[in-house]
Amino acid sequence: MHILIFGASGHVGTGLARHLSASHRITGVVRSQPVARAPYAPVLVPDWVDRPRSVIDELTRTDAQRVDAVIAAVGGWYVDEAMIDRGIASFDKDYSSYLRSHFAACAVTQALADSGTRTEAGARADAGASAEADRSAESEASAEADRSAESEASAEAGRSEQIRHLTLNGVASVEACVGSGAISVFGAAQEMLLRVAAAESRSVLFRELKVMAPIGGDDRNDLSGGVETIGMSAVADAAGEVLSRPGDFELTTQLKV
C-alpha cells in the first residue's frame, strides 16, 4: 500500500513510518523539511490544516503514487495543570492542534476519494475481472463460473478502491485524565468525528486505533508506579492489520498491553 501519514515528523508518526516502510510505501505530510534522513517521503504543506486541499495539490505536483490509506497521528499530549485553570486560550489551542487537525485529515482523505483516486490493487483487480470476462466467452459450459468470478472480482475491486483512514487515539479518550483534560475531551470527540464521517461516506473506510497505554520510547511518559508501555512495533503491527483488513475490524479498536 501507499500510506500517507499526517503527523509523520512526531514521535508516533515517525515510528509508524519506520516500521511500516518495510512493507509499504510511506509519504509523510510535514510542516517543515526533516533535518535528518526520514523513513518517509516528505510532502511539505505548512498550512495543511487550514487548507486541506493543498495536500492533494502537492501530491499531484510531485506526481506521487496513488494513495491507498491515510494514518492521522496528530495532536500529541501533555501533562499540565487542571483543564479549567489553563483557561480558554489554551483550550482553543488544544482544539486547533488536536480535533481540528483530525477533521482536516479526514477532509483530505475524503477529497482523495472524491477526486477518483484509485489504488493500484483496485486497478489490477479490474484488469483481472475484465480478462476473466473475456475468457468466459470461450466456453459456454464455464460461463456461469466465469460470471461468478467476475462478480467477486468486481466486488473486491470496489472494496480496494475505498481509501482507508486510520486515526490514532489513546486512553485519555475513555478516561478523564487529570492534567491532560483537553486531550480527554477532544479524544472522546475524535471517536464521534470518525463515526459521523463513516456514516456520511461511502468511499472511505474510517477506522480508529486506541492505544490504551503509553507508547514506549517517549520521554514524556510518566512511568512511575510500574506503568507498562506498548512498543512502537506493536502499534505499527496493529495499524497495518487494520489498514490491510479493515472489514475485519469495528470502527474503533483498542490495543492493550
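My numbering numbers the first residue of the sequence shown as 6 and each following residue consecutively. Every residue, glycine too, gets a C-beta built ideally from N, C-alpha and C. These numbers were taken from a predicted model, which means no experiment stands behind them.
**Q.** Top-ranked residue by Cα proximity to Gly80, from Ala94, Gly192, Ala27
**A.** Residue nearest to Gly80 within the set Ala94, Gly192, Ala27 is Gly192 (criterion: CA-CA distance).
**Q.** Where Val17 falls, given that 16 or more other Cβ within 10 Å makes a residue buried
**A.** Looking at its Cβ environment, which holds 16 or more other Cβ atoms inside 10 Å, Val17 is buried.
**Q.** Expected contact under 8 angstroms - CB spacing of Leu248 and Ala46 to nearest Å
**A.** So it is not a contact: roughly 18 angstroms between Cβ atoms.
Q.
I believe Leu256 touches Glu213 by the beta-carbon criterion, under 8 angstroms. Please report the beta-carbon distance rounded to the nearest angstrom.
A. Contact between Leu256 and Glu213 holds, since their C-beta atoms are separated by about 6 angstroms, short of 8 angstroms.
(Q) Please report the distance separating the alpha-carbon of Gly175 from that of Asp99. (A) Cα-Cα distance, rounded: 15 angstroms.
Q. So is Val113 buried or exposed if we call it buried at 16+ other beta carbons inside 10 Å?
A. Burial check for Val113: the Cβ neighbour count within 10 Å reaches 16 or more, so the residue is buried.
**Q.** As assigned by DSSP and simplified to three states, the class of Pro47
**A.** Residue state, collapsed to three classes: strand.
Q.
If distances are taken between C-alpha atoms only, which option among Gln115, Thr258, Gln38 comes closest to Ala203?
A. Checked all of Gln115, Thr258, Gln38; the closest Cα to Ala203 is Gln115.
Q: Please name the residue in His24, Phe211, Glu233 whose C-alpha comes closest to that of Ala118.
A: With distances taken between Cα atoms, Ala118 lies closest to Phe211.
Q. Do Ala244 and Leu25 have their CB atoms nearer than 9 angstroms?
A. With contacts defined by Cβ atoms closer than 9 angstroms, Ala244 and Leu25 form a contacting pair.
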